[in-house]
Each structure stands twice: as structure tokens, then as C-alpha cells.
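Structure, as C-alpha cells:
Numbering (the working numbering), first residue to last: 158 to 213.
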């Protein structure tokens, strides 16, 4: 299997948004859908549901 490369800009954006590397890899390996991106690129997409608990 080819190694998944995440460019530094994407890593910084993912970190700011709280997106884990494992989620990125799962979206690439097991996408829910693939759409066309800029320059003929393919964009793998997957939804992630977060459960947030508000305990005081």
C-alpha cells in the first residue's frame, strides 16, 4: 500500500480544527464519497460524528 502523505499546511489546518490523523487516513482508505477537486484531483470525504459531553 502506498504511504499517505499529508502536506504541512493540511497538517496545521487539521490540528487547528481538531481533526485526528487517524480520521484523515480512514477517510482516504474508506471514503463515503469521492468528488472532483481543483486541477483534476480527487477528494475523499467521510463524515465524523463527535459526541460532546457538557458536564459541570
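Built from N, CA and C at the ideal position, the CB exists for glycine as well.
All values derive from a computational prediction rather than experimental measurement.
C-alpha distance - residue i paired with residue j, whole-angstrom precision
{"i": "residue 197", "j": "residue 212", "result": "46 Å"}
{"i": "residue 195", "j": "residue 207", "result": "29 Å"}
{"i": "residue 186", "j": "residue 201", "result": "9 Å"}
{"i": "residue 163", "j": "residue 203", "result": "16 Å"}
{"i": "residue 166", "j": "residue 209", "result": "27 Å"}
{"i": "residue 176", "j": "residue 168", "result": "9 Å"}
{"i": "residue 140", "j": "residue 184", "result": "Absent from the structure is residue 140, since the part of the chain shown begins at 158 and ends at 213."}
{"i": "residue 158", "j": "residue 199", "result": "18 Å"}
Where residue i falls: helix, strand or coil (DSSP)
{"i": "residue 181", "result": "helix"}
{"i": "residue 193", "result": "strand"}
{"i": "residue 199", "result": "strand"}
Integer Cβ distance of residue i from residue j, believed to fall under 8 Å
{"i": "residue 182", "j": "residue 161", "result": "6 Å"}
Do the segment 158-177 and the segment 190-200 touch if we need at least three Cβ pairs shorter than 8 Å?
Taking 8 Å as the limit for Cβ pairs, the verdict is that the segment 190-200 does not touch the segment 158-177.
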